[in-house]
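In full-length UniProt numbering, the protein residues as written are 1 to 121.
1. Using the three-state DSSP reduction, which class does residue 52 fall into: helix, strand or coil?
2. As an exercise, report each continuous alpha helix (DSSP H) stretch of at least 4 residues that is fully enclosed by the region 22 to 51, in chain order.
3. Three or more C-beta pairs under 8 angstroms: does that hold for the region 47 to 65 against the region 27 to 36?
4. If we call anything under 8 angstroms between Cβ atoms a contact, is residue 20 one with residue 33?
5. Put residue 105 into one of helix, strand or coil per three-state DSSP.
6. If distances are taken between C-alpha atoms only, which option among 24, 6 and 23 comes closest to residue 35?
7. Please classify residue 53 as buried or exposed, where buried requires at least 16 other C-beta atoms within 10 Å of its C-beta.
8. Determine the DSSP secondary structure at residue 4, reduced to helix, strand or coil.
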């Protein structure tokens, strides 16, 4: 779910995605995915962003959807998935948290591999 309140307030205050990314110690591409709702923003990150923007968390916070569909092929071969690459619905909050963390980690690893391949050339 897109973080429209966060994006709007960030722009109104004249801050870039890079500046917010620096506050939560991530790169701008990962922050962009967080702001667009592709990657979860954790509570401690919401707190850091709200302090930086000098606003209460409630003014920028938008909850993630409760039912998440995982479309990563790594997770679609689990016993609960449907055949032929269909997506799997996970309702367990702990499982969602673990899966989101793993997906973020996979994305970061993919970026690192890409950078290493480019440096090798």
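Glycine is no exception: its CB is placed at the ideal position from the N, C-alpha and C atoms.
Checking against the coordinates, here is how it stands:
1. In the chain shown, counting from the first residue as 1, residue 52 sits at position 52. In this structure, residue 52 counts as helix in the three-state DSSP scheme.
2. Complete alpha helix (DSSP H) runs here, min 4: 28 to 35.
3. They do not touch, by the three-pair rule.
4. Counting from one through the chain shown, the residue named residue 20 turns up at place 20. Counting from one through the chain shown, the residue named residue 33 turns up at place 33. At least 8 angstroms separates the beta-carbon of residue 20 from that of residue 33.
5. Stepping through the chain shown from its first residue, residue 105 is reached at position 105. Correct three-state label for residue 105: helix.
6. Position 35 of the chain shown, counting from 1, holds the residue named residue 35. Residue 35 has its Cα closest to that of 6, out of 24, 6 and 23.
7. Working through the chain shown from its first residue, we reach residue 53 at position 53. Buried, by the Cβ-count rule.
8. Counting from 1 along the chain shown, the entry for residue 4 is found at position 4. Residue state, collapsed to three classes: helix.
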